[in-house]
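For reference, the structure discussed in these notes is given below.
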Amino acid sequence: MSQISFQVKELALRCNVSADTVRYYAKIGLLQPERDSESGYKRFDEKDMKRLGFIRRAKSLGYTLNEIKQIIEESRKGKSPCPMVRDLIQRRIQSHRHRLEEQMELQKRMEEALERWAAMPDGIPDGDSVCVLIESIENPCHGHREEDNQIEMINQR
Amino acid sequence: MSIKVKDLAKRCGVSGDCVRFYTKIGLLRPVRDPENGYKLFSEQDVRRLKFIRIAKYLGFTLNEIEMIIESHDNGKTPCCLVREFLRGHIEANRKQLEKQMALQERMEKTWERWTAMPDCVAAEHVFCRLIEAAAEFDFLAPKEGDD
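If you read the protein sequences in the order shown, they are chains A and B.
When you read off a place in the first sequence, starting at 1, and then add 65, the result is the number in my numbering.
When you read off a place in the second sequence, starting at 1, and then add 2, the result is the number in my numbering.
This is the structure in structure tokens:
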């Protein structure tokens, strides 16, 4: 039994996270505080502190909260979570690299457009053209962005 | 000349769902065929859809595109707005990129370190020895913070 217990704010301070983060982790079951029988406040102990440290470390390595939950559950069942941990990071390294490349391409496109526009005057609205600046950019090749459309629509809904 | 969903989609290199979605949110405004109720688009919609695609390609959000079109429809040049939006995106995306590149590096280096480490046997007082060990990795700056 641990004797020391902390309230939300103390735990947050000790672990260098916001109180909202602590509350959120408790809400989704990643932290499981006890309730103070008198005040009803959440009471955390040293185990929670360790667990919070673990969560933060895992997060900084790109693991999602869902994955961290699985990792902790696996370990609490007495199984080694390591194969899963390795597998997850390996996959994320791939998918994240892909996303990063796309993001870099977009950055380049945007910077080039702004540079090109620097030499262009503002347009005068007419029926055919909405914005001469945007219309001065080469149309992205037809067809190849079909999947993006789908993803975009899902995201926007 | 009236253009159906499918034909508009084909001419602009997007899916029919995409055309329907843009119509639903008011970016495209077809008329209805009085006989069968089908959406009918004009050449102006073709130009507009092409415009939307280029703007999306440059990173503008659909909300921003709506504002740009609105400004144009009100007879005001949207160019100032367009430049301003783009500057904002460039700045935000650069910051994002820096963060994401740092994460990529952390993940790759960590993965590499782990190849030399064995799996946990059974759960003692650790959740995962690999992740716990990352606390000692020199390339992982002791950085904490917001979510």
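Heads up, the beta-carbon is just placed ideally off N, CA and C, and yes, glycines get one too.
For chain C, check one thing: does any of its Cβ atoms lie closer than 8 Å to the Cβ of residue i?
{"i": "T112(B)", "result": "Annotation note: the requested chain C is absent from the structure, which comprises protein chains A and B."}
Which residue comes first and which comes last in the alpha helix (DSSP H) that contains residue i?
{"i": "G118(A)", "result": "E111 to S125"}
{"i": "R31(B)", "result": "No alpha helix (DSSP H) contains R31(B), which DSSP labels as neither H nor E."}
{"i": "V150(A)", "result": "C147 to A183"}
{"i": "V84(B)", "result": "C81 to W116"}
{"i": "L10(B)", "result": "V7 to C14"}
{"i": "A84(A)", "result": "A84 to K92"}
{"i": "K26(B)", "result": "G18 to K26"}
{"i": "D183(B)", "result": "Limits of chain B in this structure are 3 at one end and 149 at the other, which puts residue 183(B) out of reach."}
{"i": "Q135(A)", "result": "L130 to R141"}
{"i": "I71(B)", "result": "L64 to D75"}
{"i": "A64(A)", "result": "Since the first residue of chain A shown is 66 and the last is 222, residue 64(A) is not available in this structure."}
{"i": "V223(A)", "result": "Within the shown structure, residues of chain A are numbered from 66 to 222, placing residue 223(A) beyond reach of any answer."}
{"i": "A136(B)", "result": "It is not in any alpha helix (DSSP H) - A136(B) carries neither H nor E in the DSSP assignment."}
Under 8 Å between beta-carbons, which chain B residues line up against residue i? List them in chain order, please.
{"i": "E200(A)", "result": "F53 and I56"}
{"i": "R162(A)", "result": "Q106"}
{"i": "N131(A)", "result": "Correct list: empty, because the minimum Cβ distance to chain B is about 14 Å."}
{"i": "F109(A)", "result": "Ordered by position in chain B, no residue passes the 8 Å Cβ test against F109(A), which lies about 16 Å from the chain."}
{"i": "R155(A)", "result": "For clarity, residue 155(A) is Gln in the given sequence; the question names Arg instead. Within chain B, the residues near Q155(A) are W113."}
Which residues in chain A sit within 7 Å of residue i, going by Cβ to Cβ distance?
{"i": "G61(B)", "result": "L171 and M175"}
{"i": "D121(B)", "result": "S145, C147 and P148"}
{"i": "M69(B)", "result": "Neighbours of M69(B) on chain A: none; closest Cβ ~11 Å, over 7 Å."}
Cβ closer than 9 Å: which chain A residues qualify as neighbours of residue i?
{"i": "L142(B)", "result": "R122, S125 and L126"}
Which residues of chain B have a Cβ atom closer than 7 Å to the Cβ of residue i, listed in chain order?
{"i": "L165(A)", "result": "Q102, M103 and Q106"}
{"i": "G188(A)", "result": "T79 and C81"}
{"i": "F71(A)", "result": "Result: empty, since nearest Cβ-Cβ is about 17 Å, beyond 7 Å."}
{"i": "D193(A)", "result": "R49"}
Given a cut-off of 8 Å, decide if residue j and residue i are closer than it, judged by their beta-carbon atoms.
{"i": "V109(B)", "j": "H163(A)", "result": "Inspection of the sequence shows that residue 109(B) is occupied by Met rather than by Val. No. Outside cutoff."}
{"i": "K111(B)", "j": "F87(B)", "result": "no"}
{"i": "C205(A)", "j": "R55(B)", "result": "The question names Cys, but residue 205(A) in the sequence shown is Pro. Closer than 8 Å, so yes."}
{"i": "Q135(A)", "j": "M149(A)", "result": "yes"}
{"i": "V128(B)", "j": "L198(A)", "result": "no"}
{"i": "W113(B)", "j": "I133(A)", "result": "no"}
{"i": "K92(A)", "j": "A84(A)", "result": "no"}
{"i": "Q168(A)", "j": "Q98(B)", "result": "yes"}
{"i": "L96(A)", "j": "V87(A)", "result": "yes"}
{"i": "R156(A)", "j": "W116(B)", "result": "no"}
{"i": "I251(A)", "j": "Y90(A)", "result": "Because chain A in this structure spans residues 66 to 222, residue 251(A) falls outside the shown range and cannot be described."}
What residues from chain B crowd round residue i, counting only those whose CB sits closer than 9 Å?
{"i": "I136(A)", "result": "F129, C130 and I133"}
{"i": "Q159(A)", "result": "Chain B residues near Q159(A): none, gap ~10 Å exceeds 9 Å."}
Quick one: list the residues of chain A neighbouring residue i, beta-carbon separation under 8 Å, in chain order.
{"i": "A2(B)", "result": "Residue 2(B) lies beyond the range of chain B shown here (3 to 149); nothing can be said about it."}
Subject >> Where the segment 138-149 of chain A meets chain B: residues whose CB sits under 7 Å from a CB there >> reply: S140, R141, G143, S145, P146, C147 and P148
Original post:
Listed from N- to C-terminal order along the chain, which residues in the segment 170-181 of chain A have their beta-carbon within a distance smaller than 8 Å of any beta-carbon of chain B?
Top reply: L171, Q172, R174, M175, E176, A178 and L179
**OP:** With 9 Å as the limit, tell me which residues of the segment 71-99 of chain B have their beta carbon closer than that to any beta carbon of chain A; keep them in chain order.
**Re:** I71, S73, H74, D75, N76, G77, K78, T79, P80, C81, C82, L83, V84, R85, L88, R89, H91, I92, N95, R96, Q98 and L99
Subject >> At least three beta-carbon pairs within less than 8 Å, the segment 94-112 of chain B to the segment 120-138 of chain A >> reply: yes
Subject >> Contact residues within the segment 75-99 of chain A, judged by C-beta distance below 7 Å to chain B >> reply: N81, V82, S83 and T86
Original post:
Any contact of the segment 57-74 of chain B with the segment 38-49 of chain B, i.e. 3+ C-beta pairs under 8 Å?
Top reply: no
**OP:** Could you say if the segment 191-200 of chain A and the segment 15-22 of chain B meet the contact criterion of at least three C-beta pairs nearer than 8 Å?
**Re:** no
Original post:
Between the segment 77-92 of chain B and the segment 183-190 of chain A, are three or more C-beta pairs nearer than 8 Å?
Top reply: yes
Original post:
Do the segment 26-40 of chain B and the segment 173-185 of chain A meet, that is, are 3 or more Cβ pairs less than 8 Å apart?
Top reply: no
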